[in-house]
Amino acid sequence: MDHRPVTAGGVVNSPFRVAVIGTGFFAQNHLHAWAGMPEVDVVAVCDIDRERADAAAAEFGARPYLDARELLATEDIDFVDIATTPPTHREMVELAAEHGVAAICQKPLAWEMSDAKAMVDAMAARNLTFMVHENFRFQYPMRRIREVIDSGAIGRPFFGRISFRTNFDCYANQPWLIDSERMIIVDVAVHLFDLARFFIGEPTSLYTQALRVNPRIRGEDVATVLMRMPEATCIVDASYETYADHLTYPQTFVTLEGTEGAVTLGPDYRLQVVSGDQVTHEDLRIPHHPWASEPWNGIQDSVVNVQRHFIDCLRSGRTPETSGEDTLRLLDITLGAYESLESGLPYPVGSAL
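Its first residue numbered 988, the sequence shown is counted upward by one per residue in this note's numbering.
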């Protein structure tokens, strides 16, 4: 079939034709976000569960498939959105490369560095745009913090703390987390690691402590990681066992201290900036989308932002912020957190790259 390849040099075809592979819980956000973009046409969906595939196809006006290989051999598409679980990512990405179409893939990219590198190499060999759906840095409050840093208001950041702590039942919608031997670090802390990179820079080493508090799960549900940057330190902590006076899920809290001030993102998206002797406050409001709902709207808006960024990169030929190549560094940090946990020693970041 004569597919229309999308390369890192851009594409002239519009609207962009996408197939979404995986139509489960979080993939619904992907589908709604694509459907709301006039420059994108959702032409096909794929899921091994026929009922889910048919339901998504009916709602979004797409053709349903049960097999990704059949989909790619049949449909004329510009890119695939891979919203499946990590064990399937390598197969799906390499299949996209084989058919000459760009790809955006959910995180974590892989459980093993060798699989992640194979995906990056497969896409690079065909000069295809490849982005990882790492959405926390695309949340509106996080982009606002980056603006504060770039303005120079707090000077050079030298300390950070990035926290995600809740007792929300994450297992109801994502039951695979119950049996996963690796849990909160790959589910949540990976996002916080990326935020640390986004705000402060690349770490040189890290040290991990983690616990399993909930007896019904196999993996860790509480984790604390100390990251060392060349001129800064950052604490990343995540918990699914933390009680509070009111639900803040799925909000992330941030504290950054700099040489000239500090910025803090607290509960309910309240931002405080201390710059010298000046103190300002903002109550951030998440942009509205008709299909979004609280408390998920902050995450749902970030999905829209991720996907807009991907389309912008396709149009311009720019490399995505969270490209496959960039994500190898994030995966090294994430897998390194487990290595530190197992060894009881600091992990030298970059040693697996």
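Cβ atoms here follow ideal geometry from the backbone N, Cα and C, with glycine treated the same way. Model, not experiment: these values are computed from the prediction.
Requested in this report: May I ask you to report which of helix, strand or coil DSSP gives Phe1186?
Outcome: Note: Phe1186 maps to helix in three-state DSSP.
Report task. Quick one: grab the DSSP three-state call for Ala1109. Result -> Helix.
Query raised in the report: Do Asp1313 and Leu1340 have their C-beta atoms within less than 8 Å of each other?
Result: The answer is no: Cβ separation not under 8 Å.
Query raised in the report: In whole angstroms, what separates the C-alpha of Ser1167 from that of Glu1228?
Result: Those two C-alpha atoms are separated by around 17 Å.
Requested in this report: Please report how far the alpha carbon of Gly1343 lies from the alpha carbon of Asn1114, in whole angstroms.
Outcome: Coverage of the chain is limited to positions 988 through 1340, which leaves residue 1343 absent and any answer about it impossible.
**Report entry** Own chain partners of Leu1053 with C-beta closer than 8 Å, once the 5 adjacent residues on each side are dropped
**Finding:** Take Leu1053, set aside five residues on each side of it, and the residues of its chain with a beta-carbon closer than 8 Å to its own are Cys1033, Asp1034, Ile1035, Arg1037, Ala1040, in chain order.
Query raised in the report: What first and last residue would you give for the beta strand (DSSP E) that runs through Thr1061?
Result: Boundaries around Thr1061 are those of the alpha helix (DSSP H), 1055-1061, since no beta strand (DSSP E) includes it.
Query - Beta bridge counterpart(s) of Ala1197 as assigned by DSSP - result: For Ala1197, which the question treats as bridged, DSSP gives the partners Ala1210.
Query raised in the report: Can you list, in chain order, the residues of its chain whose CB lies under 8 Å from that of Asp1028, leaving out five sequence neighbours each side?
Result: Result list for Asp1028: Pro1002, Phe1003, Arg1004, Val1005, in chain order.
Query - Sufficient close CB pairs (3 or more, under 8 Å) joining the stretch 1004-1018 to the stretch 1062-1070 - result: A contact exists between the stretch 1004-1018 and the stretch 1062-1070.
Query raised in the report: In terms of residues, what are the limits of the alpha helix (DSSP H) holding Asp1232?
Result: Per DSSP, Asp1232 lies in no alpha helix (DSSP H) segment and is marked neither H nor E.
**Report entry** Host beta strand (DSSP E) of Ser1310 (start-end)
**Finding:** Element bounds for Ser1310: n/a, residue is neither H nor E.
Requested in this report: Look at Phe1186 and Ile1132 and say whether their C-beta atoms are less than 8 Å apart.
Outcome: For Phe1186 and Ile1132, yes; Cβs fall inside 8 Å.
Query raised in the report: Taking all protein chains shown into account, do 16 or more other C-beta atoms lie within 10 angstroms of the C-beta of Leu1332, making it buried, or fewer, making it exposed?
Result: By the neighbour-count definition (other C-beta atoms within 10 Å, threshold 16), Leu1332 is an exposed residue.
Query - chain B contact for Arg1199 (CB, 8 Å cutoff) - result: Among the chains in the structure shown there is no chain B, since it carries only a single protein chain.
Query - Closest by C-alpha distance to Arg1295, when choosing among Gln1265, Trp1021, Thr1195 - result: Checked all of Gln1265, Trp1021, Thr1195; the closest Cα to Arg1295 is Trp1021.
Query raised in the report: Buried or exposed: Ser1138, going by 16 or more other Cβ atoms within 10 Å of its Cβ?
Result: It counts as exposed.
Query - Where the beta strand (DSSP E) through Tyr1268 begins and ends - result: Here the sequence assigns His to residue 1268, which means Tyr is not the residue at that position. Looking at the DSSP string, the run of the beta strand (DSSP E) that includes His1268 is 1265-1270.
Query raised in the report: Taking the Cβ atom as the reference point for each residue, do Phe1066 and Val1080 lie within a distance shorter than 8 Å?
Result: Not in contact: Phe1066 and Val1080 (Cβ atoms no closer than 8 Å).
Query raised in the report: Hey, Met1216 and Thr1191: beta-carbon distance below 8 Å or not?
Result: Cβ distance < 8 Å, so Met1216 and Thr1191 count as in contact.
Query raised in the report: Which residues in the same chain have their Cβ closer than 8 Å to the Cβ of Ser1326, if we skip the five residues on either side of it in sequence?
Result: Just to set this straight, residue 1326 is Glu in the shown sequence, not Ser. Cβ within range, chain order: Tyr1334.
**Report entry** Counted within 10 angstroms of its Cβ, other Cβ atoms place Pro1237 as buried (16 or more) or exposed
**Finding:** So Pro1237 counts as buried.
Report task. For Thr1153, count neighbouring Cβ atoms within 10 angstroms of its own Cβ and tell me buried if that reaches 16, exposed if not. Result -> Classification of Thr1153: buried, given that the 10 Å Cβ count is 16 or more.
Query raised in the report: Whose CA, out of Pro1162, Leu1328, Glu1207, lies closest to the CA of Met1170?
Result: Check the Cα spacing between Met1170 and each of Pro1162, Leu1328, Glu1207: the tightest is with Glu1207.
Query raised in the report: Given Pro1128, which residues of its chain have a CB within under 6 Å of its CB, disregarding the five upstream and five downstream residues?
Result: Excluding positions up to five away in sequence, the list reads Leu1252, Tyr1256, Leu1271.
Query raised in the report: Where does Met1170 sit, in a helix, a strand or coil, going by DSSP?
Result: The answer is coil: DSSP assigns Met1170 none of H, G, I, E or B.
Query raised in the report: Nearest to Leu1243 by CA position, among Gln1287, Gly1285, Thr1220, Ala1109, is which residue?
Result: For Leu1243, the nearest C-alpha among the options comes from Thr1220.
Requested in this report: Tell me whether the beta-carbon of Asp1174 lies closer than 8 Å to the beta-carbon of Leu1182.
Outcome: Their beta carbons are not under 8 Å apart, which means Asp1174 does not touch Leu1182 by this criterion.
Query raised in the report: What did DSSP end up calling Ile1273 once you bin it into helix, strand or coil?
Result: Coil, per DSSP.
Query raised in the report: Is Lys1094 closer than 8 Å to Glu1121 when the C-beta atoms are compared?
Result: Contact: yes.
Query - Beta bridge counterpart(s) of Ser1150 as assigned by DSSP - result: For Ser1150, which the question treats as bridged, DSSP gives the partners Asp1224, Phe1240.
Query raised in the report: By Cβ distance below 8 Å, which residues in the same chain neighbour Phe1123 in space, the five residues on each side in sequence not counted?
Result: Within its own chain, the residues whose Cβ lies closer than 8 Å to the Cβ of Phe1123, once the five positions on either side in sequence are excluded, are Met1129, His1178, Leu1179, Asp1181, Leu1182, Thr1239, Ser1289, listed in chain order.
Query raised in the report: Hey, Ala1044 and Arg1077: beta-carbon distance below 8 Å or not?
Result: With contacts defined by Cβ atoms closer than 8 Å, Ala1044 and Arg1077 do not form a contacting pair.
Query - From Ala1159, Pro1254, Val1212, residue whose alpha carbon lies closest to that of Ala1324 - result: The candidate whose alpha carbon is nearest that of Ala1324 is Val1212.
Query raised in the report: From what residue to what residue does the beta strand (DSSP E) around Arg1004 run?
Result: Unbroken beta strand (DSSP E) run through Arg1004: 1003-1008.
Query raised in the report: For Phe1151, which residues of its own chain have a beta-carbon under 7 Å away from its beta-carbon, when the five flanking residues on both sides are left out?
Result: Scanning its chain for C-beta atoms nearer than 7 Å, with the 5 sequence neighbours on each side dropped, one finds around Phe1151 the residues Val1175, Leu1179, Ala1225, Thr1239, in chain order.
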